[in-house]
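Scroll down for the structure; my scribbles are underneath it.
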Amino acid sequence: MKDGFGREINYLRVSVTDRCNLRCVYCMPPEGVSLLDHDDILRYEEILAVLAVAKKLGISHVRITGGEPLVRKGLVELVRGIAKMGFQDVSMTTNGTLLADHAELLKQAGLKRVNVSLDSLRPDRFSSITRTGRVEDALAGIQAAIRSGLRPVKVNVVVMAGWNLDEVADMARLTLNLPLHVRFIEYMPIGPSEGMEELSAVPPGAVMAEISRKLSEKLELCAAPPGAGPAETWKLPGAKGTIGFISALSKPFCHSCNRLRLTADGKLRPCLASDIEVDLREVLRNSKGDSKVRKIEEAFRRAVLSKPRVRQLWNRESQARPMCQIGG
Ligand code: SAM
Ligand code: SF4
Numbered sequence: 523m524k525d526g527f528g529r530e531i532n533y534l535r536v537s538v539t540d541r542c543n544l545r546c547v548y549c550m551p552p553e554g555v556s557l558l559d560h561d562d563i564l565r566y567e568e569i570l571a572v573l574a575v576a577k578k579l580g581i582s583h584v585r586i587t588g589g590e591p592l593v594r595k596g597l598v599e600l601v602r603g604i605a606k607m608g609f610q611d612v613s614m615t616t617n618g619t620l621l622a623d624h625a626e627l628l629k630q631a632g633l634k635r636v637n638v639s640l641d642s643l644r645p646d647r648f649s650s651i652t653r654t655g656r657v658e659d660a661l662a663g664i665q666a667a668i669r670s671g672l673r674p675v676k677v678n679v680v681v682m683a684g685w686n687l688d689e690v691a692d693m694a695r696l697t698l699n700l701p702l703h704v705r706f707i708e709y710m711p712i713g714p715s716e717g718m719e720e721l722s723a724v725p726p727g728a729v730m731a732e733i734s735r736k737l738s739e740k741l742e743l744c745a746a747p748p749g750a751g752p753a754e755t756w757k758l759p760g761a762k763g764t765i766g767f768i769s770a771l772s773k774p775f776c777h778s779c780n781r782l783r784l785t786a787d788g789k790l791r792p793c794l795a796s797d798i799e800v801d802l803r804e805v806l807r808n809s810k811g812d813s814k815v816r817k818i819e820e821a822f823r824r825a826v827l828s829k830p831r832v833r834q835l836w837n838r839e840s841q842a843r844p845m846c847q848i849g850g
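If you want this note's numbering, it's the 1-based position in the sequence shown plus 522.
Here is the structure:
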């Protein structure tokens, strides 16, 4: 599918739940967000029905996300169902805290690779940023992913001044001995994060400067790992892994955006930074047979054609949905 600006759209991020076992400061308010009713969340067979049509329309890459995908029961079976459909790439984004028990099963079910979010290596700080989590669990999840042969394993670090900027060199050092691809992500002011006004984006230059200040080795530009998307990729000399920067604010990558999102409640979202949504759940629940397939196709075409050329300015007030509902 080509959008109105000639971009090939071949990547769908599927949010399977808005629930999460953590409360990261940049993603959710401390009390959590008001949750969708269970009945409003797409059932697995509905997700598979959407993906069957998506594949026919040219979607080749699928990422499962949330909320925290691993809190949803039966997720391994959903992965098996998606993998059987023959997509070129099936991946997952997870906070990793439940991954140790799932990595092997997910690999066997056909998951190719995993991105694990990890914003600190320090137990007290990890617990402050996630408000509830234990860093040991996330690290065990990352180790299990490596052991199970999920490749590449990427680690997403949202860099926040005053929270974890002083740890970026330690994160970079992880790549020396582990085959990890650490990506420093710029914080995006999205969703209702009242009370977190002190959160501010750190541009990639400041992260690089902090790494160079603390490490004697010089970063070298290198080839990106598979599925690198918009990350610029670097390497420490002799390292097993790489380092990347994803900077949606200071270096927007709209010109090469190839993705759509499916929210947990069945809305196709053409752009993360815009509230435009096309409803699929109504079609899934109120149509049958060929007419259902035709209407799903139409919804995809409408979503693709309403992709904006560039993102609107991030605006908290207009961003009604938090990341955990959109599927980051
Ligand atoms: N729960 C899973 C996780 O944390 O990996 C998957 C969902 S989470 C919404 C997906 C990604 O979005 C995570 O890497 C998280 O760090 C990132 N994210 C959430 N809110 C963000 C924000 N305001 N700015 C930048 N990244 C954000
Ligand atoms: Fe949960 Fe992921 Fe949001 Fe953190 S970033 S609160 S782990 S959905």
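Where is the CB? At the ideal position from N, CA and C, for every residue including glycine. Quantities reported herein were computed from a predicted structural model and do not represent experimental measurements.
Given a length threshold of 3 residues, each whole run of the beta strand (DSSP E) inside the region 561-629 is given here in chain order: 583-587 and 611-616. Closest by C-alpha distance to Lys-595, out of His-624, Ile-707, Leu-802 and Asp-688, is His-624. By the Cβ neighbour-count rule, Leu-743 is exposed, with fewer than 16 other Cβ atoms within 10 Å of its own. Under DSSP, Glu-708 forms a beta bridge with Val-681. No heavy atom of ligand 1 is found nearer than 8 Å to the CB of Cys-793. The region 673-685 makes no contact with the region 808-819; the number of CB pairs closer than 8 Å stays below 3. With contacts defined by Cβ atoms closer than 9 Å, Glu-732 and Ser-769 do not form a contacting pair.
Distances between the C-beta of Cys-549 and the heavy atoms of ligand 1 include at least one below 8 Å. In this model, Leu-661 and Arg-545 are separated by some 18 Å (Cα to Cα).
In this structure, Glu-590 has its beta carbon less than 8 Å from a heavy atom of ligand 1.
DSSP places Ile-798 outside both helix and strand once states are collapsed to three, so it counts as coil. In the structure shown, Leu-806 falls within a helical segment according to DSSP collapsed to helix, strand and coil. Shortest gap from the CB of Leu-544 to any heavy atom of ligand 2: under 8 Å. Counted as a single uninterrupted DSSP element, the stretch harbouring Ser-537 is not any alpha helix (DSSP H) but the beta strand (DSSP E) occupying residues 533-537. A Cβ-Cβ separation of about 6 Å places Val-638 in contact with Gly-663 under the 8 Å criterion. Under the three-state reduction of DSSP, Thr-764 is assigned to strand.
Under a 10 Å Cβ-count criterion, Ala-745 is classified as exposed, with fewer than 16 other Cβ atoms of the shown protein chains found around its own Cβ. Of the heavy atoms belonging to ligand 2, at least one sits nearer than 8 Å to the Cβ of Ser-639. Taking 9 Å as the cut-off, the beta carbon of Leu-737 is found no closer than this to the beta carbon of Val-536. Distance from the CA atom of Asn-617 to the CA atom of Trp-685, rounded to whole angstroms, is 18 Å. Cβ neighbours of Glu-568 within its own chain (closer than 6 Å, five residues either side excluded): Leu-806. Look at Met-710: its beta carbon is at least 8 Å from all of the heavy atoms in ligand 2. Separation of Asn-543 and Lys-676 (C-alpha to C-alpha, rounded to the nearest whole angstrom) is 20 Å. Taking a contact to require three or more Cβ pairs closer than 8 Å, the region 624-634 and the region 596-604 qualify as touching. For Lys-789, the beta-bridge partners assigned by DSSP are Asp-801.
Distance from Ile-563 to Thr-539 at the Cβ level is roughly 7 Å; contact confirmed, criterion being Cβ atoms closer than 8 Å. Relative to ligand 2, Asn-686 has its C-beta separated by 8 Å or more from all heavy atoms. With respect to the 9 Å criterion, Leu-640 and Val-657 are classified as neighbours on the basis of their beta carbons. Contact between the region 547-559 and the region 754-763 is absent: fewer than three C-beta pairs spanning the two stretches fall below 8 Å.
For Ala-723, DSSP records a beta bridge to Met-682. The beta carbon of Gln-610 lies closer than 8 Å to those of Ser-582 and His-583 in the same chain, with the five residues before and after it left out.
With fewer than 16 other CB atoms across the displayed protein chains lying within 10 angstroms of its CB, Phe-527 is exposed.
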